[in-house]
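Under full-length UniProt numbering, the residues of the sequence shown are numbered 1 to 478, in order.
What follows is a short report on a single structure.
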Amino acid sequence: MQPSQGRFFLYPAQRLLIHFKKYIRFGWLGFAYSRLTCKAVNFGSEMDDPSTIFVWGLVFMNNVNPVVGVDVAKDFCYYCVLSPDGKKYLEPFKAFNTKEGLDFVLEKLKKVEKAFKNRPVIVLESTGHYSTRLVHLFGKNEFEVFLVNPLQSHSIKNSSIRKVKNDKADAEELARLYFVCDLQQHRPFDDSIANLKVLSRAYFSLSEQRISMLNQLTAAVDQVLPGFTRIFNISSKTCVELLARYSSPDALLSSPKEDVASLIRSCSRRSLKYALDKYQLLIQCAKDAKETGITLSALYDVICIYAQNLKYLNDKLTELDEMIQRLAITIPEVSLISSIPGFGKRLSSVIVSEVGDISRFNNAKQLVAYCGIDPSVKQSGNFVGTKNKFTKRGSAYIRKALYIAATISVRKDSKARCVNPVIYDYYQKKIKSKPKKQALGAVMNKLVRIIFSVLKNKHPFVMITPEEQIKLYRSKAA
């Protein structure tokens, strides 16, 4: 069965058609995506393939792949199959995400492939871990998979004035996106980078839980033991161990001096004098708390639970960090980014695991947009917006890592030495005319361009001033 003829523009184009990297320009007629391949023929020649369309000496080959739109849910999915010309070939059908259900889907796709003599392409929305398993399954069975951003899929919902929203309609709309959008084929990451991504995201998740637990612990301690957080840093090992054992003023006052001082000394790894001095402060704090603190037994229990949870989270974060460090050593890209001042192994691991293959990006501007730190654009008529925020359309994890790296890069160490002199000077120039947050955003943008250059050239970062960079560029151009 040959693919049927598609529906395309047949306006009388009197200008030469120019082929770009991604688009074919119809002179004044607009654009067509390069999924429609183009070849030249003589005017008036006969068409051998009925799937071609002749327009003033050029033939546009129709898409030859059937398209499958998948609306993903937790327990089941809806599948809609369109023929290569965009007509509905199979009515949307439901299949459960079990082995039997997925085997049924694969069998259906084999029949579609046999009917059109071409393997169908899969279009589905990125829905977190629900779509990840399906992407892996279809990729393993050698299907081309196009993973759609929900922002893209939402844009086509208003193409019809009819207000219809159900899983069947969503599956069909996703399939039609293949014909109207220039979708990028999904490329799976290497196993090592995929593993690094899982570990890095788990580290971020546990870190956020730890911060939340610290805030709750601080709130409880401030009520029971006012002034305790001025004696010890609430996030320190010494503080957590003390609160896990002595969560109330009475527990501190009734415990032997030697036990408390020994715990302080072992956790802080400081001298006996330091431990005894801290003990005296603790005892005074406990005595004051008897008068000014809240005496609720539930608060004592909660402090103990929070402190124990913090100990557990700290241990697991240490384990995750060790796993990340071991895996990072085996990935060359991590070492390349680590050569940039301000980037340690952990931050470099986040960047590499989120960016993946740098060859996906043709220039630094594309990587900036992928990170979501490109400025939004607001313009209408004579109005041009100037207070534009980041688009934040990319990975939140990579933005967090870049923000941390930016704050480190503009600092000075304990000996008043710049961590990254070039970035520090760049930041100082920016804050003369911009608020600090905007200046940090500019630094993040600058760091992304450095990362792109380092990864693209596969060469470690070399510290040179902008003036030296200009001289080097001119010498190469000459």
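By construction, the Cβ of each residue, glycine as well, lies at the ideal position given by its N, Cα and C atoms.
A check of alpha carbon separations from Pro332 across Lys345, Asp301 and Ala115 identifies Lys345 as the nearest. Distance between Thr127 and Gln325, taken at the CA atoms: about 29 Å. Per DSSP, Gly385 has no beta bridge partner at all. Apart from the 5 residues on each side of it in sequence, Val454 sits with its Cβ closer than 8 Å to the Cβ of Leu336, Ile337, Ser339, Ile340, Pro460 and Phe461 in its chain, given in chain order.
The C-alpha of Val352 is placed about 32 Å away from the C-alpha of Phe179. Contact between Ile431 and Gly342 is absent: CB atoms are separated by about 17 Å, not below the 8 Å threshold. Exclusion of the five residues before and after Arg411 leaves Val419 as the residues of its chain whose Cβ lies within less than 7 Å of its Cβ. Rounded to whole angstroms, Lys165 and Ala220 show a C-alpha spacing of 47 Å. Residue pairing by DSSP places Lys412 opposite Cys418 in a beta bridge.
The three-state secondary structure of Gly69, taken from DSSP, is strand.
The criterion of a C-beta distance shorter than 8 Å is satisfied by Thr238 and Cys267. In its chain, beyond the 5 residues on either side, Gly69, Val70, Asp71, Val123, Leu124, Glu125, Val148 and Ser153 have a beta carbon closer than 7 Å to the beta carbon of Leu174. Around the beta carbon of Lys197, 16 or more other beta carbons sit within 10 angstroms, so the residue counts as buried. By the C-beta criterion, the stretch 419-428 is judged not to be in contact with the stretch 393-403, since fewer than 3 inter-stretch pairs fall below 8 Å.
Look at Glu144 here: in three-state DSSP terms it is coil, with no helix or strand label. Counting C-beta pairs closer than 8 Å gives three or more between the stretch 193-207 and the stretch 347-362, which meets the contact rule. Per DSSP, the continuous beta strand (DSSP E) segment holding Cys77 begins and ends at Phe76 to Leu82. Residue environment analysis places Glu291 among the exposed positions, since fewer than 16 neighbouring C-beta atoms fall within 10 angstroms of its C-beta.
At the C-beta level, Leu320 and Leu206 come within 8 Å of one another. DSSP lists Phe390 as the beta-bridge partner residues of Pro375.
Exclusion of the five residues before and after Lys316 leaves Leu206 as the residues of its chain whose Cβ lies within less than 8 Å of its Cβ.
Beta-bridge partners assigned by DSSP to Ile329: none are found. DSSP lists Tyr79 as the bridge partner or partners of Phe93. Its Cα nearest to that of Met444, the residue Tyr370 stands out among Tyr370, Asp277, Ser131 and Thr465. Asn118 sits away from Val81, with the two beta carbons spaced by 8 Å or more. The three-state secondary structure of Ser339, taken from DSSP, is coil.
In this structure, Leu313 sits near Arg210, with a CB-CB distance shorter than 8 Å. Contact check for Ala171 against Tyr78 passes: the beta carbons are separated by less than 8 Å. Going by DSSP, Leu214 is part of the alpha helix (DSSP H) stretching over Asp191 to Val224. Counting along the chain, Ile122 sits inside the beta strand (DSSP E) bounded by residues Val121 to Glu125. With a contact defined as Cβ atoms closer than 8 Å, Val240 and Ala307 qualify at about 5 Å. DSSP places Ser380 in the strand class (E or B) of the three-state scheme. Excluding five sequence positions before and after Arg449, the CB atoms of its chain that fall closer than 6 Å to its own CB belong to Ala364, given in chain order.
Bridge partners of Gln185 according to DSSP: Phe146. Looking from the CA of Ala202, the closest CA among Ser475, Lys387, Val350 and Leu440 belongs to Val350. Annotation for Lys287: Pro249 and Leu253 place their beta carbon closer than 8 Å to its own, counting only its chain and skipping 5 residues before and after.
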